[in-house]
Amino acid sequence: MDKFIRIGKEQVPVSEEIYKEYYRMKRRERYMEQDIKVGRIAVDPDAETIDYIPSKEDSINRLMDQGVDFKDEQMIEDILCDKATLIILQEAMAELNQKVQELIQSLYYKDLTLREVAKEENISHVAVVKPHKKVLDKLKKYFL
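Position in the sequence shown (first residue = 1) + 10 = our numbering.
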């Protein structure tokens, strides 16, 4: 065996397979401890704004700093998945035109029915159903 892994102060001879797996595991550990917490900063020199864009994965420490409460029965993994899903949904919504965004907000944030939205817009029920189905199909593609 020509590969060695340092365990404490001792060098232990190991096979090629174990050597590769050990360093793959070490890289994963480093990723979980450091890289997962890194977002990015977007600077817009024209508008003179600086925005922090969090990574799609988030750390428990950062969520706790933001005030997320982990005392209930909800699993941490579920909270992180919900947060990642929300970020994907926000990105998808930003790509929709204003009229479709208003339709989604009316249906899902204001809890209006399709008929109520049609009545507000003074259009037929079918004229709301078709774009609604079309936008849902478009949004589903972001989650596949």
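All C-beta atoms in this analysis are idealised placements derived from N, C-alpha and C, irrespective of residue type, glycine included.
Under 8 Å between the Cβ atoms of GLU178 and LYS13?
What the structure shows of the chain is the stretch from 11 to 154, and residue 178 is not part of that stretch, so it cannot be assessed.
If we ignore side chains and look at the alpha-carbon of each, how far apart do THR123 and MET74 end up?
Taking the sequence shown and counting its residues from 1, the one referred to as residue 123 is at position 113. Taking the sequence shown and counting its residues from 1, the one referred to as residue 74 is at position 64. Between the alpha carbons of THR123 and MET74 lies a distance of about 36 Å.
Considering only heavy atoms of the ligand HEM, does any lie closer than 7 Å to the CB of LYS120?
What this structure holds is no ligand at all, so the ligand HEM is not there to describe.
Between which two residues does the beta strand (DSSP E) containing LYS13 stretch?
What you label residue 13 is simply residue 3 of the sequence shown in a count that begins at 1. According to the DSSP assignment, LYS13 belongs to the beta strand (DSSP E) that extends over 13-17.
Which stretch, first to last residue, makes up the beta strand (DSSP E) that contains GLU58?
Counting from 1 along the sequence shown, the entry for residue 58 is found at position 48. Run containing GLU58: none; DSSP gives neither H nor E here.
Tell whether a beta-carbon distance below 8 Å holds between VAL145 and VAL138.
Walking along the sequence shown from the start, residue 145 turns up at place 135. Walking along the sequence shown from the start, residue 138 turns up at place 128. Not a contact, by the Cβ cut-off of 8 Å.
To the nearest angstrom, how far is the alpha carbon of LYS143 from that of ARG37?
Taking the sequence shown and counting its residues from 1, the one referred to as residue 143 is at position 133. Taking the sequence shown and counting its residues from 1, the one referred to as residue 37 is at position 27. Cα to Cα, the separation comes out at about 44 Å.
Helix, strand or coil: how does DSSP classify GLU105 here?
As a working note, residue 105 is residue 95 in the sequence shown. DSSP places GLU105 in coil when its eight states are reduced to three.
Rounded C-beta distance between ILE60 and VAL53? I'm assuming under 8 Å.
Counting from one through the sequence shown, the residue named residue 60 turns up at place 50. Counting from one through the sequence shown, the residue named residue 53 turns up at place 43. Contact holds; Cβ gap of about 5 Å.
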